[in-house]
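Asker:
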Amino acid sequence: MKRNDVVLIIVLAAAAVGILIGNRLETQSGDTLIVRVHGAVAQTYSLRQNDSGTITGAGGIQLSFSIEQGHVSVIEANCPDKLCMSHRPISKNGESIICLPAGVILEIQSSEEAQYDAIVR
Ligand SMILES: [Zn+2]
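Every number in this note's numbering is 4 more than the matching position in the sequence shown, counting from 1.
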């Protein structure tokens, strides 16, 4: 093995480790809001821009939510328990706000991870 080959292998290994670490950091804070009704994806939003939306779940229950500086919170809901409204804002990958009576889940995901999942599956 030539000296250049050894250097090349070290560079490649370092790059691979860097990509792994980069991906891990990226998944810490999510960049996509997934809105599910009974488990099916109904809407997706980017967290990179401020936005707001509404979703109608089971029994005609309506949830209004806002996206502000990457934080998602339910601002209005006509469900009986209002638990989703009292939930703290979510911003990190894997966090979710669930409205059980409506069967609605607001879920933060990282699009990087979604792509990774797609490749693995
Ligand atoms: Zn609710």
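Virtual Cβ for every residue (Gly too), placed ideally from N, Cα, C.
Quantities reported herein were computed from a predicted structural model and do not represent experimental measurements.
Can you give me the Cβ contacts of residue 93 inside the same chain, cut-off strictly under 7 Å, excluding the 5 residues immediately before and after it?
Answerer: Result list for residue 93: 75, 76, 77, in chain order.
Asker: Quick one: residues with CB closer than 5 Å to any heavy atom of ligand 1, in chain order, please.
Answerer: For ligand 1, the selected residues are 81, 83, 88, 103.
Asker: At what residues does the beta strand (DSSP E) containing residue 103 begin and finish?
Answerer: Per DSSP, residue 103 belongs to the beta strand (DSSP E) from 100-103.
Asker: Tell me whether residue 46 sits in a helix, a strand or coil according to DSSP, three-state version.
Answerer: It is a strand residue.
Asker: Evaluate the contact criterion for the stretch 81-92 versus the stretch 36-55: three or more CB pairs, one atom per stretch, below 8 Å.
Answerer: At 8 Å Cβ cutoff, the stretches do not touch.
Asker: Which of helix, strand or coil does DSSP assign to residue 51?
Answerer: Of the three classes helix, strand and coil, the one that applies to residue 51 here is coil, per DSSP.
Asker: In the DSSP assignment, what are the bridge partners of residue 96?
Answerer: Residue 96 is bridged to 33.
Asker: Does DSSP classify residue 81 as helix, strand or coil?
Answerer: Residue 81 falls in the strand class under three-state DSSP.
Asker: Let me make sure I understand the geometry here. Which of 19, 91, 65, 56 has the alpha-carbon closest to that of residue 108?
Answerer: That would be 65, whose Cα lies nearest to the Cα of residue 108.
Asker: Hey, residue 69 and residue 57 are a contact pair by Cβ (cut 8 Å); roughly how many whole angstroms apart?
Answerer: That pair is a contact at about 6 Å.
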